[in-house]
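Chemist: Residues in the sequence shown are numbered from 2 upward in steps of one, following the working numbering. Would you mind keeping the following structure in view while I ask a few things?
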Amino acid sequence: MDKEELQTESQAEETKESEKTELEPAKKKLVNHLKEDLQSAKRFIINKDNPPMYEQRSRKGKSGKKILVISIVLVLLLIGGYFINKKFSISSQVRDVVQPTPIATPASLPTPTPVSKPVLNRSDWSLEILNGTDVTGAARQIANEARDLNYLVVKIGNADKNNYLVSQILVRKELEDQIELVIADLRDVIKIASIAGELKEGTASARIIIGEDNI
2 MDKEELQTES QAEETKESEK TELEPAKKKL VNHLKEDLQS AKRFIINKDN
52 PPMYEQRSRK GKSGKKILVI SIVLVLLLIG GYFINKKFSI SSQVRDVVQP
102 TPIATPASLP TPTPVSKPVL NRSDWSLEIL NGTDVTGAAR QIANEARDLN
152 YLVVKIGNAD KNNYLVSQIL VRKELEDQIE LVIADLRDVI KIASIAGELK
202 EGTASARIII GEDNI
């Protein structure tokens, strides 16, 4: 090989070394860029189990807004319901005041007519007192007690028979409504068991026949 060829090869090798030296920084720079791009890409890779933080924040923000909106709506509904209820309550109270419930007036009952009770006036009564037993003086004893009560005794005597078992009284028809008063008034003097009937003869108001029940 001649000297010129050796010189040419030497220059070629120097050129390659020079080019290699010049490319080395560019290669390193490229590698560094690739590493940075790879790290940036890893940050944006979405993992199913661990979603990106910005996405979680977005969801939390949306959820918070929904809860806030729902809370506001509920509060408004409660306030509206309260005022509506209060309005109806006031309206009903006003209606009750303006339109009072009519009170039914009870029908007036007829006033009962007082019934006058008959009054016993002893001096208006005249009595016949007859003894219907075999006990002497029974008629006179009863007559004296009747007089003490202010009765008028017009006759004392014996009855048509002397075996009357119970005492009885006969009264004029017009005085029948008062005979019960006379019987009750004489209960401490003589016990009269029955009203025998109407007194038709004589002038006395009533006739008393003494029976064995008063002996």
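We treat Cβ as the ideally placed atom computed from N, Cα and C, and that holds for glycine.
(1) With the cut-off set at 7 Å, would you say residue 132 and residue 159 are in Cβ contact?
(2) Rounding to the nearest angstrom, what Cα-Cα distance links residue 207 and residue 110 in this structure?
(3) Can you tell me which of 200, 134, 177 and 198 puts its alpha carbon nearest to the alpha carbon of residue 214?
(4) Between residue 195 and residue 169, which are expected to be in contact by the criterion C-beta below 8 Å, what is the C-beta distance as a whole number of angstroms?
(5) By DSSP, does residue 136 sit in helix, in strand, or in coil?
(6) For the alpha helix (DSSP H) containing residue 167, name the first residue and the last one.
(7) Where do the N-terminal and C-terminal ends of the alpha helix (DSSP H) with residue 185 fall, by residue?
(8) Any idea if residue 55 is buried or exposed, counting beta-carbon neighbours within 10 angstroms, 16 or more meaning buried?
(9) If you draw a straight line from the alpha carbon of residue 149 to that of residue 191, how long is it in whole angstroms?
(10) Using CA coordinates, which residue listed in 211, 171, 164 and 165 is at the minimum distance from residue 200?
(11) Residues bridged to residue 154 by DSSP?
(12) Less than 7 Å between the C-beta atoms of residue 127 and residue 155, yes or no?
(13) Count the other CB atoms within 10 Å of the CB of residue 83; is the residue buried (16 or more) or exposed (fewer)?
(14) Between the beta-carbon of residue 157 and the beta-carbon of residue 173, is there less than 7 Å?
(15) Does residue 148 come out as helix, strand or coil in the three-state DSSP assignment?
(16) By alpha-carbon positions, which one of 147, 138, 163 and 87 ends up nearest to residue 185?
(17) So the beta strand (DSSP E) residue 206 belongs to, where does it begin and stop?
(18) Please report the Cβ distance between residue 210 and residue 143, rounded to the nearest whole angstrom; I am assuming they are in contact, meaning their Cβ atoms lie under 8 Å.
(19) Tell me whether the beta-carbon of residue 151 lies closer than 7 Å to the beta-carbon of residue 124.
(20) If you count every other CB in all the chains shown that lies within 10 Å of the CB of residue 129, and 16 or more means buried, which is it?
(21) Taking only three categories from DSSP, how would you classify residue 49?
(22) For residue 216, which residues from the same chain have a beta carbon less than 8 Å from its beta carbon, with the 5 sequence-adjacent residues on both sides left out?
Modeler: Reading off the structure:
(1) Their beta carbons are under 7 Å apart, which means residue 132 touches residue 159 by this criterion.
(2) In this structure, the straight-line span from the alpha carbon of residue 207 to that of residue 110 is close to 43 Å.
(3) It is 134.
(4) Sure, about 5 Å apart at Cβ, within 8 Å.
(5) Three-state DSSP puts residue 136 in coil, outside helix and strand.
(6) Counting along the chain, residue 167 falls outside any alpha helix (DSSP H), and DSSP gives it neither H nor E.
(7) Start and end: 180-186.
(8) Only weak support is given to the placement of residue 55: the predicted model assigns it a pLDDT of 47, under 50, and the value that follows is read from those uncertain coordinates. Looking at its Cβ environment, which holds fewer than 16 other Cβ atoms inside 10 Å, residue 55 is exposed.
(9) Cα to Cα, the separation comes out at about 13 Å.
(10) When each option's Cα is compared against that of residue 200, the closest is 171.
(11) Residue 154 pairs with 128.
(12) With respect to residue 155, residue 127 sits close: the two C-beta atoms are nearer than 7 Å.
(13) That one is exposed.
(14) For residue 157 and residue 173, no; Cβs fall outside 7 Å.
(15) DSSP places residue 148 in helix when its eight states are reduced to three.
(16) The shortest C-alpha separation from residue 185 is found at 147.
(17) Counting along the chain, no beta strand (DSSP E) covers residue 206, and no H or E run does either.
(18) Rounded, the Cβ-Cβ distance is 10 Å, inconsistent with contact.
(19) Result yes, Cβ atoms of residue 151 and residue 124 sit closer than 7 Å.
(20) Burial call: buried.
(21) In this prediction, residue 49 scores a pLDDT of 48, lower than 50, which makes its location untrustworthy; the coordinate-derived value is nonetheless stated afterwards. DSSP places residue 49 in coil when its eight states are reduced to three.
(22) Taken in chain order, the residues that qualify are 134, 136 and 139.
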